[in-house]
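This report concerns only the one structure given below.
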Amino acid sequence: YMFLFLFSGCSDNFASVSFVKVESERTKLINDIESYQSIDEFKGILKGGSFQWEESGDDQPAPKGRPPFNIHTIKIKKYSHLNYKGELIITFFNNRVTSTTFYPEDIDNYIKEIINKEGLKSNNIQEEKIKTHKRVRVAKDYKGHKYVEWSDIRLDREINLWIKRYS
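Here you go:
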């Protein structure tokens with residue numbers, strides 16, 4: 284009995300996570316992009332506009348005994364949000380939008396605009412949770428370029444859990 288108790292005590296909170304489930308409650312990220320949209324659903328939105336985009340992905344079958352871990356990105360070079368132009372990267376985890384990352388040309392003024400639009404608490408935001416499942420953060424990439432990222436916390440947790448369990 285003690286072994287069973289110890290074993291159950293060490294399990295993570297997401298024992299029943301499927302890593303592919305699509306939640307009915309989506310989170311609005313940037314403009315009309317929502318978490319849990321599929322790649323095809325998202326491309327339908329793109330084709331409705333006059334966007335040009337690039338795609339990259341690593342859709343591999345999952346090794347036996349493991350759920351899939353497929354990251355797919357769509358990059359839109361000339362994207363506009365709140366009248367700021369820049370590059371937008373949409374990241375999919377197992378065919379579900381998990382985050383959007385925007386690199387506006389005028390990042391400092393854009394951040395001021397985002398603080399007002401999103402109702403953020405601070406002028407110096409690093410990361411802030413908004414509403415139920417939405418996270419907004421301002422960060423720098425490995426090249427030192429600042430960006431603003433919106434993500435769905437539920438999918439962030441799934442990615443981290445997959446890495447913790449299977450890598």
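Residue numbering for the sequence shown follows this note's numbering, starting at 284 and increasing by one per position.
Beta carbons: idealized from backbone N, C-alpha and C, even for Gly.
Considering I328, what are the terminal residues of the alpha helix (DSSP H) in which it resides? For I328, the enclosing alpha helix (DSSP H) has its first and last residue at 322-331.
May I ask you to report which of helix, strand or coil DSSP gives E337? Assignment of E337 by DSSP, reduced to helix, strand and coil, places it in the strand class.
I437, enclosing alpha helix (DSSP H) - first and last residue: Note on identity: in this sequence residue 437 is Arg, with Ile being the wrong assignment. From DSSP, the alpha helix (DSSP H) with R437 extends over 436-449.
Where does D435 land, buried or exposed, given buried means 16+ other C-beta within 10 angstroms? Buried: at least 16 other Cβ atoms inside 10 Å.
Ordered along the chain, which non-local residues of its own chain (more than five positions away) have a Cβ less than 8 Å from that of D342? Listed in chain order, the non-local C-beta contacts of D342 below 8 Å within the same chain comprise N353, H355, local neighbours out to five positions each way being set aside.
Beta-carbon contacts of K400 that lie in its chain and below 8 Å, excluding the five residues immediately before and after: By the criterion of a C-beta distance shorter than 8 Å, K400 is surrounded in its chain by L365, once the five residues flanking it on both sides are discounted.
With which residues is F352 paired in a DSSP beta bridge? Residue pairing of F352 in beta bridges, as defined by DSSP: absent, with no partner found.
Just grab the DSSP bridge partners of Y430 for me. A422.
What's the C-alpha gap between R440 and K361? When rounded, the distance between both Cα atoms is 30 Å.
Using DSSP with H/G/I as helix, E/B as strand and the rest coil, what is E370? Three-state result, E370: strand.
Extent of the continuous beta strand (DSSP E) run through Y386: Membership of Y386 in the beta strand (DSSP E) is indicated by the continuous run 380-387.
Can you name the start and end residues of the alpha helix (DSSP H) that I390 belongs to? Looking at the DSSP string, the run of the alpha helix (DSSP H) that includes I390 is 390-401.
Would you identify the three-state DSSP class for I357, choosing helix, strand or coil? Strand at I357.
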